[in-house]
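Here the structure is laid out as C-alpha cells; the discussion comes afterwards.
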Amino acid sequence: MFNRKTIVYIFSILIFTDFIHSECPPDSIIEPCSCVLTIPSHTYLLYNDYNPETIYIQQKSIVCEHIHNSSFDLQAIFLNLNLYLNENETDFDSFLLFDTTVKSIPENVFNNITFRSLMFQDNYLLTIIDENAFYYFKDNVEVFETLNTNLSDSQIIFSILKQFTNLRRVSMHNDRLTTIPNYAFNHTKLTDIWFGLENRRTNQPIESIGQYAFYNVPNLRLLRIFSPNLTQINKYAFAQRNRSSTNNMLHIYIGGQMLNSTSFPLTSLSRFRNRPVFLRLYFTNLTYLDENIFQPFLETHPSSLIDINYTNMNLQCDCQSAWIQYDYLRDVDELENRVYGYKCWPHDFSNCTLN
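Numbering of the sequence shown is given in the working numbering, commencing with residue 540 and proceeding in unit increments.
What follows is the structure, encoded as C-alpha cells:
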C-alpha cells in the first residue's frame with residue numbers, strides 16, 4: 540500500500556501536527572500570565588487524590604496567578620495572544636485564574652482561544668462572570684471548577700453551565716451560591732458534581748435545591764453537596780428521568796448541620812428509576828432514620844445502601860430506628876447489612892413494638 544518513504548512522511552506530519560498543538564507561545568505574549576504543560580485539578584488535590592489518572596491530561600495550558608494589579612486586563616491579554624497564534628493553534632487544555640484581585644470576567648473574554656477546563660481559585664473578589672464569557676467555545680468545555688470566590692448569582696452560573704454541552708465535571712467550593720435551580724443540569728456526559736467536601740474543608744452555602752435539579756444527567760456517578768445552610772430536601776430534587784442503561788452505582792454524599800430527621804419529605808429518596816444508590820450522610824443533626832423515607836429508599840433497588848457516618852453525632856437508638864434492626868439486622872447470617880455505621884443493638888429495642 541505505502542512505501543517506506545510515504546510512511547515516514549505521514550509519520551512526520553503527525554508528529555509535527557502534535558508539536559504545533561502542544562507548543563506554548565512565549566510568555567512575553569501573555570505576561571503576566573504564562574503557558575505551562577500541566578495544571579493539577581484542585582478538586583482532586585482537595586480530596587488528597589494524587590493518582591495521575593485522576594489529573595487532567597494536558598499538553599498546554601495557561602495560568603494567570605498572583606496578580607494584584609488593578610490595571611490587569613485579562614481580555615486584552617487574550618486578544619494579543621489571538622493575534623499571535625495561527626488559526627490551528629488556538630486550542631488549549633486548561634485555564635487557571637489563581638490568587639488575583641479580578642472582580643469580573645467579561646463577555647468573550649478569551650477571544651478565539653478555547654479551553655477544555657476552566658479553573659478559578661482563590662479569587663476572593665471575583666463576583667461576576669458574564670453569561671456569554673465562554674459562549675464562543677461552549678462545546679469544548681469539559682471541566683468547570685471554582686474555589687474561594689465571591690460568585691453568588693446562581694441564575695447566571697447555572698445558565699453558563701448549561702451552555703457546556705460536553706461537560707464532564709463541575710466542582711464548586713467556598714463560593715456564595717445559595718440555590719441550585721430547577722432543572723439545573725442538562726448534560727449527558729456529566730459524571731461528577733461537587734459542592735463541598737464531607738471533611739468540612741470546603742462547602743457551598745446552598746439553602747435550597749430545586750425540583751428535578753439532576754433530572755437530565757443520565758450518567759451521573761457522584762454527587763457531593765455540603766452546606767451549613769441546607770435545611771430541607773425538595774421532594775423532587777434527586778429525581779431521575781430515565782432508568783439507567785447500566786447498573787452503575789450513583790453515590791450521593793450530603794451533609795450539613797441544619798439537616799435533621801424531618802428534612803427529607805416522603806418519596807424524596809425514592810425517585811431513582813430503579814438505579815442503585817449509595818447514600819452517605821455527614822455532619823447532620825438527624826436523630827433517627829424515618830422508616831417512611833429510608834426504608835422505601837433501600838427497597839427501590841436491592842443494592843442500594845446507606846452510610847450513617849460517625850459524624851452524625853445525634854443519632855439515637857430508640858424505637859423510631861427499630862425498623863432497621865427488624866428488617867435488616869435480625870439475622871445477620873441471612874440478611875446483608877445495608878445500613879453502614881449503624882451503632883445500635885437488639886437490646887436497645889427490647890421495649891419496642893412493630894407497627
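Note that the Cβ used here is the ideal one computed from N, Cα and C, for glycine as well.
On the three-state DSSP scale, how would you describe I578?
-> Start at 1 with the first residue of the sequence shown, and residue 578 comes out as number 39. DSSP places I578 in coil when its eight states are reduced to three.
Y722 versus N824 - alpha carbon distance = On the sequence shown, position 183 is the one that residue 722 refers to. On the sequence shown, position 285 is the one that residue 824 refers to. Between Y722 and N824, the C-alpha separation is close to 28 Å.
Among residues of its own chain, excluding the 5 on either side of H560, which ones have a beta-carbon nearer than 6 Å to its beta-carbon?
-> Residue mapping note: residue 560 aligns to position 21 of the sequence shown, counting from 1. Caution is warranted here: a pLDDT of 44 is assigned to H560, below 50, making its placement in the model unreliable, and no coordinate value can be reported.
Measuring CB to CB, does I568 end up less than 7 Å from L620?
-> The sequence position of residue 568 within the sequence shown is 29, counting from 1. The sequence position of residue 620 within the sequence shown is 81, counting from 1. Taking 7 Å as the Cβ cut-off, I568 and L620 qualify as a contacting pair.
In whole angstroms, what is the alpha-carbon distance linking G880 and Q864?
-> Position 341 of the sequence shown, counting from 1, holds the residue named residue 880. Position 325 of the sequence shown, counting from 1, holds the residue named residue 864. When rounded, the distance between both Cα atoms is 13 Å.
Per-residue burial, L837 [other beta carbons within 10 Å of its own, 16 or more giving buried] | If you number the sequence shown from 1, residue 837 lands on position 298. Result: buried.
Any idea which residues DSSP pairs S643 with across the strands?
-> Against the sequence shown, residue 643 aligns to sequence position 104. Note: S643 sits in a beta bridge opposite I667.
Bounding residues of the alpha helix (DSSP H) (the contiguous stretch that carries L837) | Mapped onto the sequence shown, residue 837 falls at position 298. E830 to E838 is the span of the alpha helix (DSSP H), which, as asked, contains L837.
H886, buried or exposed, once every other Cβ within 10 Å from all chains shown has been counted against 16 | If you number the sequence shown from 1, residue 886 lands on position 347. Exposed, because fewer than 16 other Cβ atoms sit within 10 Å of the Cβ of H886.
According to the neighbour-count rule (16 or more other Cβ atoms, all chains shown, within 10 Å of its Cβ), is E646 buried or exposed?
-> To locate residue 646, count along the sequence shown from 1; it is residue 107. So E646 ends up on the exposed side.
Could you check what DSSP says for D661 in three-state terms: helix, strand or coil?
-> Position 122 of the sequence shown holds residue 661. In this structure, D661 counts as strand in the three-state DSSP scheme.
DSSP puts V682 in a beta bridge; with which residues?
-> Here residue 682 corresponds to residue number 143 of the sequence shown, with the count starting at 1. Answer by DSSP bridge pairing, in chain order: S656 and R708.
Does the distance from the CB of R708 to the CB of D678 come in under 7 Å?
-> Here the question's residue 708 lines up with position 169 in the sequence shown. Here the question's residue 678 lines up with position 139 in the sequence shown. Not in contact: R708 and D678 (Cβ atoms no closer than 7 Å).
DSSP state of P698, grouped into three classes?
-> The sequence position of residue 698 within the sequence shown is 159, counting from 1. According to the sequence provided, residue 698 is Ser. The question's Pro does not apply to it. DSSP places S698 within a helical segment (H, G or I) once states are collapsed to three.
Return the CA-CA distance between F822 and G735, expressed in angstroms with no decimal places.
-> Mapped onto the sequence shown, residue 822 falls at position 283. Mapped onto the sequence shown, residue 735 falls at position 196. One alpha carbon belongs to F822, the other to G735, and they sit about 13 Å apart.
Terminal residues of the continuous beta strand (DSSP E) containing W733?
-> Working through the sequence shown from its first residue, we reach residue 733 at position 194. Unbroken beta strand (DSSP E) run through W733: D731 to F734.
Do the region 661–673 and the region 630–646 meet, that is, are 3 or more Cβ pairs less than 8 Å apart?
-> Under the three-pair Cβ rule at 8 Å, the region 661–673 counts as touching the region 630–646.
Which of the three DSSP states, helix, strand or coil, is assigned to F555?
-> One-based indexing of the sequence shown puts residue 555 at position 16. With a pLDDT of only 35 at F555, under the threshold of 50, the placement of this residue in the model should not be trusted; the figure read from the coordinates follows. Judged by DSSP in its simplified three-state form, F555 adopts helix.
Where DSSP assigns a beta bridge to F482, which residues make up the other side?
-> Since the displayed the chain opens at 540 and closes at 894, residue 482 lies outside it and no answer follows.
8 Å CB neighbourhood of L618 in its chain, flanking five on each side removed | By one-based count along the sequence shown, residue 618 stands at place 79. Answer for L618: N650, listed in chain order.
Is it buried or exposed for H605, if we count other Cβ within 10 angstroms and need 16 for buried?
-> Along the sequence shown, one-based indexing puts residue 605 at 66. H605 comes out exposed.
To the nearest whole angstrom, what separates the beta carbons of H726 and V756, a pair I think is in contact under 8 Å?
-> Here residue 726 refers to the residue found at position 187 when the sequence shown is read from its first residue. Here residue 756 refers to the residue found at position 217 when the sequence shown is read from its first residue. 6 Å between Cβ atoms; contact.
When DSSP labels each residue in this structure, what does D887 get in the three-state scheme?
-> Position 348 of the sequence shown, counted from the start, is the residue given in the question as residue 887. Taken through DSSP and simplified to helix, strand or coil, D887 comes out as helix.
Taking 7 Å as the cut-off, decide whether the C-beta atoms of N813 and H790 are in contact.
-> As a working mapping, residue 813 is identified with position 274 in the sequence shown. As a working mapping, residue 790 is identified with position 251 in the sequence shown. Against a cut-off of 7 Å, the Cβ pair of H790 and N813 comes out as no contact.
Whole-angstrom C-beta distance between I832 and F803, which should lie under 8 Å | The residue you call residue 803 lines up with position 264 of the sequence shown. The residue you call residue 832 lines up with position 293 of the sequence shown. That pair is a contact at about 5 Å.
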